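What follows is one structure encoded as structure tokens, with my remarks underneath.
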Amino acid sequence: METPTDGAAGADRAHYHSHALTRGLRVLVHVASAGAPVTLTDLHEATQQPKSTLVRLLAVLEEQDFVLRVDDRPAFVLGHGVLPIVTAYLDSGTPVDLLRPHVRALAHEVGWTAKYAALDGVHAADLCVEFPERPLHFTGKEGGRSPAHASGVGKALLAGLTLEEAREHLPAQPFQQFTERTIVTERALEAELRRIRDRGYAVDDEECARGLRCVAVAVRVDGELLGALGVSGPAAELTPEREPHIVATLRDVAGELVADARVGPVLGMFARGALGRRG
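Put into structure tokens, the structure is as follows:
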């Protein structure tokens, strides 16, 4: 017969294990998105988890072949244990495939790189990226992340939240500076978000990288923020004079996305997953 004490202990164990799983998955995602071997110090700085905790998590991931130790620092990369998961995901047809025709049409229409993104902690995660038909264009990759405080899609997403919600997706001040135009304080960013709400779209005016501009709009259904749609291109081409046409095109495609009965549930799934991960 189970006593109240036994039930409480079981609930505590379940709570502990769920948090351990969450921490382990976040470590795995960081290793996957780094693009280079990741050290224990890198993971500590990125996740703010104690190194002792990270050592235990990495030991489990390494035992299951999800990560591979590549040197004695130690540094880690993805292991072959992730391959069955990745292969099954790709073979089953990904939810992103439903977004792709709309994002591809946007890229071809404007002649610049187009993306659909959702918030992921202090970043905007690129869920779908498509390129124009022209040979020279801005590169990007699905799964890539950009700083929410400096990118067009990131600022469009932050502007769609309340001030309190937006603060949960900001890093410690001063924010990381990528160019001389990057906003680095919360006060300046709050003013920028008010401007974005007033005009209805966001601009990354060479704030992430010199020579690159991005224009983005939030995607909503019945007032619920689902994600952001943006285009990126050379600052010499994607000029302020072209913004009205670009914004109109972005809004048209955003409307098509939410009107597509197959896509709407997918956007909601992405939003619920991403907005649940705070900074």
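Take the sequence shown: its position 62, counting from 1, is numbered 61 in numbering that gives the first Met the number 0, and each next residue is one higher. Virtual Cβ for every residue (Gly too), placed ideally from N, Cα, C. Treat the numbers as computed from the prediction; the structure is a model and nothing was measured.
Which same chain residues, not among the five before or five after residue i, have their C-beta less than 8 Å away from its C-beta?
i	result
Glu205	Thr178, Arg180, Leu211, Arg212, Ala234
Cys207	Ser145, Pro146, Ala149, Ser150, Phe177, Thr178, Thr181, Cys213
Glu242	Tyr200, Val202, Val214
Glu166	Inspection of the sequence shows that residue 166 is occupied by Arg rather than by Glu. Counting only Cβ-Cβ distances below 8 Å, and skipping sequence neighbours, we find Glu185.
Let me check understanding here. Comparing Cα to Cα, which of the options lies closest to residue i?
i	options	result
Val214	Val220, Asp203, Gly222	Asp203
Asp197	Ile84, Asp96, Gly159	Gly159
Val28	Pro83, Gly143, Ala247, Leu98	Gly143
Gly222	Thr161, Cys207, Val37, Ala35	Thr161
Ala155	Gln175, Ala117, Pro49, Ala247	Ala117
Val30	Gln47, Phe65, Ala19	Phe65
Asp71	Thr46, Thr40, Arg194	Thr40
Ala201	Leu157, Arg166, Glu240	Leu157
Thr46	Glu129, Pro170, Pro134	Pro170
Pro100	Thr86, Pro83, Glu129, Gly78	Glu129
Pro73	Glu61, Ile84, Pro83	Glu61
Val95	Ile84, Asp125, Thr86, Pro83	Asp125
Cβ atoms of residue j and residue i: under 8 Å apart, would you say?
i	j	result
Ser32	Trp111	no
His136	Ile182	no
Leu56	Val26	yes
Lys140	Cys127	no
Leu53	Leu42	yes
Val152	Ala123	yes
Val216	Leu249	yes
Phe75	Val102	no
Glu185	Gln172	yes
Leu98	Val262	yes
Val109	Ile195	no
What does a CB cutoff of less than 7 Å around residue i pick up in its chain, not counting 5 residues either side in sequence?
i	result
Val59	Gly23
Glu132	His107
Val218	Leu225, Gly226, Ala227, Leu228, Ala253, Leu256, Val257, Leu266
Thr138	none
Leu274	Since pLDDT at Leu274 reaches only 43, below the 50 mark, its modelled position is unreliable, and the value read off the structure follows with that caveat. Once the five neighbours on either side are set aside, the close Cβ partners of Leu274 are Leu118.
Lys50	Leu39, His43
Gln48	Arg22
Ala7	Interpretation of Ala7 is limited by its pLDDT of 49, a score under 50 that renders its predicted location unreliable; no figure is taken from the coordinates.
Gln175	Pro146
Taking 6 Å as the limit between beta carbons, can you name the residues of its chain near residue i, skipping five residues before and five after?
i	result
Arg209	Thr178
Ala237	The amino acid occupying residue 237 in the given sequence is Leu; Ala does not appear at that position. Cβ neighbours of Leu237 beyond the five flanking positions: Arg212.
Val69	Pro36, Val76
Gln281	As displayed, the chain neither begins before 0 nor continues past 278, which places residue 281 out of reach and without an answer.
Leu105	Ala113, Val252
Asp259	none
Is the beta carbon of residue i within less than 7 Å of some heavy atom of the ligand FAD?
i	result
Gln172	Although the ligand FAD was asked about, the structure shown includes no ligands whatsoever.
Is the CB of residue i under 8 Å away from at least one CB in chain B?
i	result
Thr178	Checking the listed chains, one finds no chain B in this structure; it contains a single protein chain.
Every unbroken beta strand (DSSP E) within the segment 97 to 184, with a cutoff of 3 residues, ordered by chain | 112 to 119, 122 to 129, 144 to 146
Curious, which full-length beta strand (DSSP E) runs of at least 3 residues does the segment 179 to 256 contain?
-> 201 to 204, 211 to 220, 223 to 233
Would you list, in sequence order, the uninterrupted alpha helix (DSSP H) runs of no fewer than 4 residues that lie entirely inside the segment 35 to 60?
-> 39 to 46
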